[in-house]
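Residue numbers (our numbering): 1369 to 1665.
Don't be surprised by glycine CBs; every beta carbon is placed ideally from N, CA and C.
Scroll down for the structure; my scribbles are underneath it.
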Ligand code: AMP
Ligand code: MG
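Written as structure tokens, this is what we have:
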């Protein structure tokens, strides 16, 4: 369900599931926290076009499972609860992070974070396609990661059951480290990542994965680090807050460290784009400075 896609003006795909997810989550937040700002990835402009009426109908049908009497107009208005500027306290939502992974049948995540004065205080990542047990990658799927500032990081099944506290790996020797990176070659410089791995004598191939599920697998100690050096296709790319807010607190509360590739803290206080950052580095903490040093090559 939700796999049909249309191209947005920036040529990135958006699916029925992106719109449906945003409508349901925005409605949920607005009912409970009417004064809070929501900053989410999508808006309904494209959906309201007369030639998109069939898509809007599918989105509305999809939302009916959660809000049975909703009209198409209401669904669009819920999507548009999203604001395009941040405030002192706001929710950052990526209704489907890793849409390309979702379309391929790979990893994707529903990512929601609560941010107060630039500090992420709550992060939730739902990864419906991610295996629960790292020892059984073909086993049961569906993980929910939740982190609260100062209270730790937790993994549950997709229904919110079987909660356990998660921790990053304890690897100290860089040569024993493992790397996760994007699947999409335009989202990160894979060649640079390979050179860095060689320099550190890392022998295991990187684990390519879409979406903020990468933060989850660092947080649960499955891999040692998540590298995201901007690709040469778009070397000055500025990351979106909704692509990193939820994931970053989940990795940090599990004992990890998250900065950009120059060691600067992630900036969730300037606007939708993380203007003060360049790339992303997530590690188990122990190896952070060594990797930052190696990144200077
Ligand atoms: P990932 O699944 O980790 O590759 O990241 C998916 C996210 O990458 C999407 O949500 C986009 O917002 C973001 N993205 C799009 N273009 C670029 C780019 N040129 N460099 C880095 N990230 C990008
Ligand atoms: Mg995204």
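For this session: Flag this pair as yes or no: are the beta carbons of residue 1593 and residue 1500 separated by less than 8 Å?
Result: no
For this session: Please report the Cβ distance between residue 1481 and residue 1585, rounded to the nearest whole angstrom; I am assuming they are in contact, meaning their Cβ atoms lie under 8 Å.
Result: Not quite, the Cβ-Cβ distance comes to about 18 Å (not below 8 Å), so this is no contact.
For this session: Could you give the DSSP three-state label for residue 1506: helix, strand or coil?
Result: coil
For this session: Give a yes or no on whether the C-beta atoms belonging to residue 1622 and residue 1521 are separated by under 8 Å.
Result: yes
Exercise. How is residue 1401 classed by DSSP in three states: helix, strand or coil?
Worked result: coil
Problem set entry | As assigned by DSSP and simplified to three states, the class of residue 1467 | helix
Exercise. Does the region 1627-1634 come close enough to the region 1643-1650 to have 3 or more Cβ pairs within less than 8 Å?
Worked result: yes
For this session: Could you check if residue 1666 is buried or exposed, using at least 16 other CB atoms within 10 Å of its CB as the buried criterion?
Result: Missing from the structure shown is residue 1666; the chain here goes from 1369 to 1665 and no further.
For this session: Would you decide whether residue 1518 is buried or exposed? Buried here means 16 or more other CB atoms lie within 10 Å of its CB.
Result: exposed
Problem set entry | Of the listed residues 1464, 1491, 1626, nearest to residue 1478 (C-alpha basis) | 1464
For this session: Verify whether the separation of the beta carbon atoms of residue 1565 and residue 1587 is less than 8 Å.
Result: no
For this session: Count the other CB atoms, across all protein chains shown, that sit within 10 Å of the CB of residue 1625; report buried if there are 16 or more and exposed otherwise.
Result: buried
For this session: Spell out the partners DSSP gives residue 1596 in its beta bridges.
Result: 1648
For this session: Could you check which residue in 1387, 1405, 1403, 1414 has the C-alpha nearest to that of residue 1356?
Result: The requested residue 1356 is not part of the displayed model; the chain covers only 1369 to 1665.
For this session: Answer yes or no: the CB of residue 1645 versus the heavy atoms of ligand 1, is any distance below 7 Å?
Result: no
Exercise. Whole alpha helix (DSSP H) runs in the region 1545-1607 with 4 or more residues, listed along the chain?
Worked result: 1558-1567, 1581-1587
For this session: Report the residue ranges of all alpha helix (DSSP H) runs contained in full by the region 1394-1446; include only those spanning at least 4 residues, in chain order.
Result: 1421-1432
Exercise. Which two residues bound the contiguous alpha helix (DSSP H) that contains residue 1658?
Worked result: 1656-1662
For this session: Sort out for me which residues DSSP pairs residue 1483 with in a bridge.
Result: 1458, 1488
For this session: Out of 1405, 1603, 1542, point me to the one whose CA is closest to residue 1461's CA.
Result: 1405
Exercise. Is the beta carbon of residue 1387 less than 8 Å from the beta carbon of residue 1427?
Worked result: yes
Exercise. Beta strand (DSSP E) containing residue 1616: first to last residue?
Worked result: It is not in any beta strand (DSSP E) - residue 1616 instead sits in the alpha helix (DSSP H) that spans 1613-1621.
Exercise. Given residue 1420, which residues of its chain have a CB within under 8 Å of its CB, disregarding the five upstream and five downstream residues?
Worked result: 1374, 1414
Exercise. Under the criterion of a Cβ to heavy atom distance below 7 Å, does residue 1610 qualify as lining ligand 2?
Worked result: yes
For this session: Grab me the residues of residue 1380's own chain with a C-beta within less than 8 Å of its C-beta, minus the 5 sequence neighbours each way, in chain order.
Result: 1467
Problem set entry | Bounding residues of the beta strand (DSSP E) (the contiguous stretch that carries residue 1526) | Per DSSP, residue 1526 belongs to no beta strand (DSSP E) and is neither H nor E.
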